[in-house]
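Student:
There are 2 protein chains.
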Amino acid sequence: MNDLIQDMRTAIEKELQKQAARLDSPHSAPFHEMLTYHLGWTGTGAGPQATGKRIRPTLTLLCAAACGADWEPVLPAAAAIELVHNFSLVHDDIQDNSDMRRGRLTVWKIWGQPMAINVGDTLFSMANQAILDLAGAFPADHVIDAARTLHDTCLELTRGQFMDMSFEERTDVRLEEYWLMITGKTAALLSCCCSIGALLGGADEAARDAYRAFGHYLGLAFQAQDDILGIWGDEAQTGKSAASDLVEGKKSLPILYGLKQDGAFKKRWQAGPVKAEEVPGLAAQLAREGAHEYTQKAADQLTEQAQQSLRLAAPQGAAGDYLEKLASKLLRRET
Amino acid sequence: MNDLIQDMRTAIEKELQKQAARLDSPHSAPFHEMLTYHLGWTGTGAGPQATGKRIRPTLTLLCAAACGADWEPVLPAAAAIELVHNFSLVHDDIQDNSDMRRGRLTVWKIWGQPMAINVGDTLFSMANQAILDLAGAFPADHVIDAARTLHDTCLELTRGQFMDMSFEERTDVRLEEYWLMITGKTAALLSCCCSIGALLGGADEAARDAYRAFGHYLGLAFQAQDDILGIWGDEAQTGKSAASDLVEGKKSLPILYGLKQDGAFKKRWQAGPVKAEEVPGLAAQLAREGAHEYTQKAADQLTEQAQQSLRLAAPQGAAGDYLEKLASKLLRRET
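Listed in order, the protein sequences are those of chains P and H.
If you read the first sequence in the working numbering, its first letter stands for residue 48, the second for the next number, and so on.
If you read the second sequence in the working numbering, its first letter stands for residue 48, the second for the next number, and so on.
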């Protein structure tokens, strides 16, 4: 990892710790611990593996730097976005009934659902506080613009989450709805990173739009790629057991495409839960019906759109180079 | 109800509907319905009984008006506070496993916990958006100040919620911790109403501090009064079955006082769950040990402090009069 990215990651961790310290008082010590556990700093398995990759705050800082601005003053916004991401993960794990996150027990699994709901709410509150820490370093109008962008994104996140949960119950989900769902659930926050980074980096409206579009397409492409890995990926690459989407009955893009084909895949899918031993055969059947090719083509097109948007944004200097690298690493799931 | 309060309530409802409309799109119609149900506008039992009393937004507008300012431009802040209150109620109902709220089934009881967590998150996001709608009508610095006050309050709320939940597991809760808990859980948001109302009403720092203190003491006094009703109140007054705090094992102020006395009450309390038929006898025992008198004295003192703070704030005109009336009604639980 190069020096700029390493400097950014160190500074992000420091800023996150500063933000989380708002809760560090004698009467809330066990509460503060739940937060620092989730953020990867304390408890069993603490360390770089447990913090996650901090992709969103790094992206935010890179966009600002690629506009030719100093990235340090942007840190409160980067931290705010990472806190929003983590609030959504804590609530997501309850909603999905997930026991593990980044190789460790989830917050609700350790402290129970009521406490975990509150931990998520706290991370959300801290994100709202963090974004306003931009005041002083930036004109008040820009602070309000950045905060509004963040809050609008949070509404998109909850809308995406609603659609995702409602898909579980439904048998009539259309491909068009899938795209709307991941626009909210995945693309909105990446788009927010780029939009806020560009705003605070001093980009004009056209460049900011291009950065925003870059984040949007990056998010969609990433999700389509992730959906492929969820069926045809191997465990080493994804960190979770391969083909789990088939077993979990998750309505991902290849599966919705397969259902639309109305063939052997659909017939088996509708017959009831898929067992682990059926996965290789069913994944191969889904590929024969064109779902792998369709999803890969969508991912490639979206990647191309992300790259075009980035060229339009014309990122500068070393940060610009790293931005391109980060994007291609992200899309190949190497970072 | 007089004209000013009626005008405010009508305008608050309209502003809340405007804020909630952010989610009103074809793909999220069933989701929007969960929100409008909780806010009391749709579904079984919809109407004034289901909306709640909108005490917090009314208090916000009254404080601004009592500073001599127009209250209409303050509406987005009033709506933001009411949305925060409602977000906390939706999550609270899950955390407390409560089936009913304002005489209707709770959101999680109808749509399940995962959806209800998301409904709370959405109301929270909308609150954050609403407060920024002050921009344009107020200087950007004041908008940031108001938003920061709201977000700091949300962190206090989550800290109070943590303490409240941790009390359930603990047998060593001290009276001092009780006051800290209700400062976060009840007083912080009422204090926030008054602080933001005064800020936007153009109060100077000293007056704003007085308004903030008024809300703080009002919240503490209200909670102490509520704790009395939770043991010695009757169902008609509280809307819930009397003495439920004894049955629910809730560590309210009179109960913590009783446990400190180390007498017959404590002995019975520690022996296991209290049955409904034991309530009259145990409530009388708790009163004999001085818990009713202690709590009533605390409530009276806090009420006096609230009234003193309000006098210091020197509220003006009709709004000032209504502010005093609202406070005394609230403390006698008549409104």
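The beta-carbon is built from N, C-alpha and C at its ideal position, and this holds for glycine as well.
Strictly below 7 Å CB to CB, what residues from chain H border H263(P)?
Tutor: Within chain H, no residue comes near H263(P); the closest Cβ sits about 17 Å away, beyond 7 Å.
Student: Which residues in the same chain have their Cβ closer than 8 Å to the Cβ of A346(P), if we skip the five residues on either side of it in sequence?
Tutor: Counting only Cβ-Cβ distances below 8 Å, and skipping sequence neighbours, we find A268, A271, Q272, I275 and L378.
Student: Comparing alpha-carbon positions, which option in L333(H), L136(H), K232(H) and I302(H) lies nearest L82(H)?
Tutor: Among L333(H), L136(H), K232(H) and I302(H), the Cα nearest to that of L82(H) is on L136(H).
Student: If we call anything under 8 Å between Cβ atoms a contact, is A68(P) one with A124(P)?
Tutor: Not closer than 8 Å, so no.
Student: Checking the sheet assignment: what are the DSSP bridge partners for R148(P)?
Tutor: Its beta-bridge partners are R151(P).
Student: Among V321(H), Q332(H) and E252(H), which has the Cα closest to the Cα of A311(H)?
Tutor: Closest option to A311(H), Cα to Cα, is Q332(H).
Student: Taking 7 Å as the cut-off, is the CB of K61(P) close to at least one heavy atom of the ligand COA?
Tutor: Inclusion of the ligand COA in the displayed structure is not the case, the ligand content being empty and no account of it being possible.
Student: For N49(P), count the other beta carbons within 10 Å of its own beta carbon; 16 or more makes it buried, fewer makes it exposed. Which is it?
Tutor: Classification of N49(P): exposed, given that the 10 Å Cβ count is below 16.
Student: Buried or exposed, going by whether 16 or more other CB atoms sit within 10 Å of the CB of E336(P)?
Tutor: Buried, by the Cβ-count rule.
Student: Going by C-alpha distance, which of T91(P), F171(P), A184(P) and I302(P) is nearest Y225(P)?
Tutor: Among T91(P), F171(P), A184(P) and I302(P), the Cα nearest to that of Y225(P) is on I302(P).
Student: Mapping DSSP to helix, strand and coil, what is A361(P)?
Tutor: Three-state result, A361(P): coil.
Student: Identify each residue in the segment 69-82 of chain H for which the Cβ-Cβ distance to at least one residue of chain P is less than 9 Å, and report them in chain order.
Tutor: Against chain P - using a Cβ distance shorter than 9 Å - the residues of the segment 69-82 of chain H are R69, L70, S72, H74, S75, P77, F78 and M81.
Student: Please classify A139(H) as buried or exposed, where buried requires at least 16 other C-beta atoms within 10 Å of its C-beta.
Tutor: In the sequence as presented, Ala is not what sits at residue 139(H); that position holds Asp. By the 10 Å Cβ count, D139(H) comes out buried.
Student: Can you give me the C-alpha to C-alpha distance between M55(P) and G249(P), rounded to a whole angstrom?
Tutor: Computed Cα separation, rounded: 19 Å.
Student: Return the first residue and the last residue of the alpha helix (DSSP H) that H85(H) is part of.
Tutor: That run of the alpha helix (DSSP H) goes A76 to H85.
Student: If you check the beta carbons only, do A245(H) and Y264(H) fall under 8 Å apart?
Tutor: Not closer than 8 Å, so no.
Student: How many angstroms separate the CA atom of P227(H) from the CA atom of R149(H)?
Tutor: Rather than Pro, the amino acid found at residue 227(H) in this sequence is Leu. Distance between the alpha carbons of L227(H) and R149(H): 27 Å.
Student: From H85(P), A93(P) and D219(P), pick the residue whose C-alpha is nearest to that of D309(P); which is it?
Tutor: Per the Cα distances, D219(P).
Student: Taking 6 Å as the limit between beta carbons, can you name the residues of its chain near G90(H), skipping five residues before and five after?
Tutor: These residues qualify, in order along the chain: Y84.
Student: Counting only C-beta atoms, is P161(P) closer than 8 Å to chain H at any point?
Tutor: At least one chain H Cβ lies under 8 Å of P161(P).
Student: Just the C-alpha distance for L106(P) and A360(P), rounded to the nearest angstrom, thanks.
Tutor: Each residue's Cα considered, the two are about 14 Å apart.
Student: Let me make sure I understand the geometry here. Which of A184(H), A334(H) and T196(H) has the alpha-carbon closest to that of D117(H)?
Tutor: It is A184(H).
Student: Could you name the residues that DSSP lists as bridge partners for F185(H)?
Tutor: Beta-bridge pairing links F185(H) to A182(H).
Student: Return the residues of the segment 177-190 of chain P that lie within a Cβ-Cβ distance of less than 7 Å from chain H, sorted by chain order.
Tutor: Answer in chain order: L179, A182, A187, D188 and V190.
Student: Among residues of its own chain, excluding the 5 on either side of A290(H), which ones have a beta-carbon nearer than 7 Å to its beta-carbon?
Tutor: Its pLDDT being 49, under 50, A290(H) is placed unreliably by the model, and the measurement read from it follows with that caveat. Cβ within range, chain order: I278, V326 and A330.
Student: State buried or exposed for A76(P), treating a residue as buried only when at least 16 other CB atoms are found within 10 Å of its CB.
Tutor: Counting Cβ neighbours within 10 Å, A76(P) comes out exposed, since fewer than 16 surround it.
Student: Only counting the same chain, and skipping five residues up and downstream in sequence, which positions put a Cβ closer than 6 Å to that of Y341(P)?
Tutor: Counting only Cβ-Cβ distances below 6 Å, and skipping sequence neighbours, we find Y304.
Student: Taking 8 Å as the cut-off, does the segment 186-206 of chain P touch the segment 172-179 of chain H (at least 3 CB pairs, one atom from each stretch)?
Tutor: Output reads yes: the segment 186-206 of chain P touches the segment 172-179 of chain H.
Student: Taking any Cβ of chain H, which residues in the segment 193-206 of chain P have a Cβ under 7 Å from it, in chain order?
Tutor: Flagged, chain order: A194, R195, H198, D199, C201, L202, T205 and R206.
Student: In chain P, which residues lie less than 9 Å from S238(H) when you measure between Cβ atoms?
Tutor: Those within 9 Å of S238(H) in chain P number zero; the least Cβ separation is about 16 Å.
Student: Return helix, strand or coil for P320(P), following the three-state DSSP convention.
Tutor: Coil.
Student: In the DSSP assignment, find the alpha helix (DSSP H) that holds A124(P) and state where it starts and stops.
Tutor: Its alpha helix (DSSP H) spans residues L122 to Q142.
Student: In the DSSP assignment, find the unbroken alpha helix (DSSP H) run with W226(P) in it and report its ends.
Tutor: Element bounds for W226(P): L222 to I229.
Student: Is the segment 201-218 of chain H in contact with the segment 96-112 of chain H, if contact means three or more CB pairs nearer than 8 Å?
Tutor: They do not touch, by the three-pair rule.
Student: Between F214(H), P186(H), A187(H) and K232(H), which lies nearest to T205(H) when the distance is taken from Cα to Cα?
Tutor: Per the Cα distances, K232(H).
Student: Under 8 Å between the Cβ atoms of V131(H) and L236(H)?
Tutor: Yes. Within cutoff.
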